[in-house]
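In this note's numbering, the protein residues as written are 1 to 343. Don't be surprised by glycine CBs; every beta carbon is placed ideally from N, CA and C. No experiment lies behind these values; they were computed from the predicted model shown. Everything on this sheet refers to the single structure shown next.
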């Protein structure tokens, strides 16, 4: 087993929570032991970018739109030099390694033990992309993660489902939506459960994001589902009241998607959608964007979070704010963010 040199960092890449794509299934468990054995956590160490070291656990049951094969555990050294697959997005944005099996987490921590007995503080990054694109690898690896880690903070980035895969909604209990947000909640629960093993302090967690990642962070700050999971929020160019009135209306995007896939007139749209391939849903998403937004590939009113009466209660925005736990929040903006859309 390789040993980290002084000044290096550890990176943990976790394949973790799996939820139903068009139904909420928050049951998950972490099993760090090989079946039939009473000890020896399954892990591996290997070199990662910038002389970091990587430790991975792939030991959690899968619960996605289509049931995945159980992961195969191991207790030998194996190389892990690349990020996990990104979540599926619009065809033009989807990376080669995109997959519906995409819920990966990257944890990068200082090599030395924390001088504080409570452990290192934690910063969880939620990527942006209009709820249609992006991944846990979408951050300047050296400039962001390294700088945070070098200052004695554990850096975490996560994937979450996007577009129709993460925010399809029938505006009722059959398919309430917000699966991408629930992915983020499950990530926070997972962090709270295991982060002590990586010398982290589960009582000192800050979430931060940009654009739709900032909207996500802001919504999580208001949700009763996140009580006790984090303590501070940083939002950059996005907030929970952006288009909030649309979150409480029927999803025209989801209705149009169902019609394109010939699932709109069926009693159980959800069952019909599960019969469609990833590519079919991707192409239908692209058609929805073309139909509703005149070809604009980055609309801010596409597949978005919805008031689902659970993660986002069906009350006024003002009441949400009053009921939310008191947390520190830092708000900023990116002055020329729209430039990227106009190029």
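Check your understanding: Counting Cβ pairs closer than 8 Å, one from the region 198-210 and one from the region 219-239, do we hit at least three?
Key -> Three or more pairs of CB atoms, one per stretch, sit closer than 8 Å, so the region 198-210 contacts the region 219-239.
Exercise for review: Leaving out five residues on either side along the sequence, give the residues of the same chain with a beta carbon under 7 Å from the beta carbon of residue 98.
Suggested key: 85, 86, 87, 88, 89
Exercise for review: Please determine, among 149, 109, 157, 180, the residue with the shortest C-alpha to C-alpha distance to residue 308.
Suggested key: 180
Exercise for review: Count the other CB atoms, across all protein chains shown, that sit within 10 Å of the CB of residue 336; report buried if there are 16 or more and exposed otherwise.
Suggested key: exposed
Point to revise | Length of the line joining the Cα atoms of residue 28 and residue 188 | key: Only weak support is given to the placement of residue 28: the predicted model assigns it a pLDDT of 28, under 50, and the value that follows is read from those uncertain coordinates. If I take the Cα positions, the gap works out to 13 Å.
Exercise for review: Just confirm the distance between the C-beta atoms of residue 117 and residue 199, as a whole number of angstroms; I'd bet it's less than 8 Å.
Suggested key: Contact flag wrong, Cβ pair sits at about 10 Å.
**Study point:** the region 227-234 touching the region 304-322, judged by at least three CB pairs closer than 8 Å
**Key:** no
Practice item. Express the C-alpha separation of residue 262 and residue 186 in angstroms, rounding to a whole number. Key: 32 Å
Check your understanding: Can you round the beta-carbon distance between residue 312 and residue 305 to whole angstroms, since I take them to be within the 8 Å contact cut?
Key -> 6 Å
Practice item. Return the chain-ordered list of same chain residues with a C-beta closer than 6 Å to the C-beta of residue 213, the five sequence neighbours on each side being excluded. Key: 126, 127, 128
Point to revise | Minimum C-alpha distance to residue 144 - residue among 326, 283, 109, 182 | key: Measuring from the Cα of residue 144, the nearest candidate turns out to be 109.
Check your understanding: Nearest to residue 148 by CA position, among 124, 254, 161, is which residue?
Key -> 124
Review point. For residue 120, does the three-state DSSP call read helix, strand or coil?
Key: For residue 120, the three-state secondary structure derived from DSSP is strand.
Check your understanding: CA-CA distance, residue 288 and residue 178?
Key -> 19 Å
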